[in-house]
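**Q** Quick note, the sequence shown lines up with residues 1 to 392 if you use the UniProt record's numbering.
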Amino acid sequence: MEFRRLGQSGLVISEIAYGNWITHGAQIDEEAAHACVRAALDAGITTFDTADVYSETRAETVLGKALAGQRREGLVLSTKVCHPVGPGPNDRGLSRKHVIEGCEGSLRRLGTDYVDLYYAHRYDPAVPLEETMLAFADLVRSGKVLYVGVSEWTPEQISRAAGLARELRVPLVASQPQYSMLWRVIESQVVPACEREGLGQVVWSPLAQGILSGKYLPGTAAPSDSRAGTEAGKGFVDMLVGHWMKDEGAPAGLPGAGPGRLGPRPDDEPARDRVGPPEPVRLGGHHRREPSRAGQGERRGLRRTAGAGRAGPHRRDPLGVHRARPREDGLNTASAAGNEKGAGRTRRGAARLERHGSRGRNGRHRRPGRLGHQRHGRHTWHGRRNRHPPAT
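(1) Take H83 and list the residues in its own chain whose beta-carbon comes closer than 8 Å to its own, dropping the five residues that flank it on each side.
(2) Around the Cβ of M1, are there at least 16 other Cβ atoms within 10 angstroms (buried) or fewer (exposed)?
(3) For D49, I'd like the list of residues in its chain whose CB is within less than 6 Å of its CB, leaving aside the five on either flank, ordered along the chain.
(4) State the start and end residues of the unbroken beta strand (DSSP E) segment that holds R5.
(5) Check whether the stretch 204 to 214 and the stretch 25 to 44 touch, using three or more Cβ-Cβ pairs below 8 Å as the test.
(6) Run the CB neighbour count on S142, radius 10 Å, all protein chains shown included, and call it buried at 16 or more, exposed below.
(7) If you drop the 5 nearest sequence neighbours on each side, which residues of the same chain put their C-beta closer than 7 Å to that of K80?
(8) How would you write the range of the beta strand (DSSP E) that K80 sits in, first residue to last?
(9) Mind the definition here: the stretch 18 to 34 touches the stretch 164 to 180 only if three or more C-beta pairs lie below 8 Å; say whether that holds.
(10) In whole angstroms, give me the CA-to-CA distance for G86 and G105.
(11) Have a look at V12, L11, R108 and flag the residue whose alpha-carbon is nearest the alpha-carbon of A59.
(12) Quick one: is V99 buried, meaning 16 or more other Cβ sit within 10 Å of its Cβ, or exposed?
(13) Taking the straight line between their C-alpha atoms, what separation do you get for R169 and A33?
(14) Enumerate in chain order the residues of its own chain whose CB-to-CB distance from G72 is below 7 Å, with the five nearest sequence positions on each side excluded.
(15) Based on Cα-Cα distance, which residue from A137, E15, G64 lies nearest to V37?
(16) Under a CB-based cut-off of 8 Å, is G200 close to chain C?
(17) Runs of 4 residues minimum, wholly inside the stretch 76 to 140: which ones carry the alpha helix (DSSP H) assignment?
(18) Does the beta-carbon of R92, which I'm using as the reference point, lie nearer than 7 Å to any heavy atom of the ligand PLP?
(19) Look at the alpha carbon of residue 437 and the alpha carbon of V76, and state the distance between them as a whole number of angstroms.
(20) Using DSSP with H/G/I as helix, E/B as strand and the rest coil, what is I16?
(21) Based on Cα-Cα distance, which residue from T154, E167, A165 lies nearest to I186?
(22) Alpha carbon to alpha carbon, how far is P89 from Q27?
(23) On the three-state DSSP scale, how would you describe H24?
(24) Considering just the uninterrupted stretch of the alpha helix (DSSP H) at A174, what are its terminal residues?
(25) Go ahead and pull the three-state DSSP assignment for L214.
(26) By the three-class DSSP mapping on this structure, what secondary structure does G64 have?
(27) Between A135 and R96, which are expected to be in contact by the criterion C-beta below 8 Å, what is the C-beta distance as a whole number of angstroms?
(28) Measure the beta-carbon distance from G200 to G7 and round it to whole angstroms, keeping in mind my assumption that it falls under 8 Å.
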């Protein structure tokens, strides 16, 4: 097992964490849950993640019993608060009352006197963020919580919380979002916000709730016409897994694994050994627009031009208004004249005026300078939008 520092903190966690969402206290019995935890410990996992709401608080109780007798200093325990755990109006949310009482309940169920990492399970818009962060600060000062994290918060919420945490001297060190090869929405904004604020990623459901583990197709080989079934496809999959594991930004939680699936597999190490150092751009970086450092200024000076199908330069006047740069032939490339379809309508409209005169087809005079819809046969043009209306 490899280990990493969490964000910019000094806390060291195992590269793989064990999570017990929807399993302990619900889908499997207590004996099987204890076997899972023992298998995780044998595999070198030292980080265990749970929450008060999992299986209506039973998951914390089962995990606490499974870890009983283990050296507490060698473990990193994390739990969460926010979701409803009772019928009362104060049995939910991030109010000071529920945060502190929720922590006390989690400590009692886990059988410990402190948790290493305490998450705000979701953002609570009904409670001032200052109240929530002050409650976390008091738990840290009391020694019941060592580090604080957030789960599924937006970049703006993370930045606000980080600012308050600095003022209150609260070690806000982690974000726990959903992230997998199939769900990568955090790459564009959440991950950059966390990097700016010094938070590490402890992602949940890295195997897409088992879809990426292969457990839904046991013993089934890839179709003969599938690229994944070829040697090239196998190499690509191995490389993908290797880069995923070497991505320095995301230690991963592993919820819902049985004891038989936690040990090393024969093809795990070869896949990692064939992979070189990770690239600066994360896996799947095409979802994040990574601007080229070279020519970045020139790239910003380009704009789409109507009908041209390519980029053309633009300039900014002293008043901050963008104006299209005129071409040498006097035509504005951003106008409708540059669009073949618009130019065709202009020519047809001019031809109709030449045939019917200013009265048009119905014999009525047109009002000069009229804006809005003007009919020319089956076509309509908008005076405000068309830079080149039919000649009068």
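C-beta atoms are modelled at their ideal positions from N, C-alpha and C, and glycine is treated no differently.
In this text, all values refer to a predicted model and were calculated from it rather than measured experimentally.
**A** From the atom records:
(1) A51, D52, V53, R92, H121, R122
(2) exposed
(3) A17, G19, S78, G253
(4) 3 to 5
(5) no
(6) exposed
(7) A51, D52, Y119, H121, S151
(8) 76 to 81
(9) no
(10) 12 Å
(11) R108
(12) buried
(13) 37 Å
(14) What sits at residue 72 in the sequence shown is Arg, not Gly. T112, listed in sequence order.
(15) G64
(16) Going by chain labels, chain C is absent from the structure shown, which holds only one protein chain.
(17) 96 to 110
(18) Only the bare structure without any ligand can be found here, which leaves the ligand PLP out of the picture.
(19) One cannot answer for residue 437 here, as it falls past the ends of the chain, which runs 1 to 392.
(20) strand
(21) T154
(22) 28 Å
(23) strand
(24) Taken as a continuous stretch (DSSP letters only), A174 belongs to no alpha helix (DSSP H), being part of the beta strand (DSSP E) at 172 to 175.
(25) The amino acid at residue 214 is misidentified as Leu; the sequence shows Gly. G214: coil per DSSP, three-state reduction.
(26) helix
(27) 4 Å
(28) 3 Å
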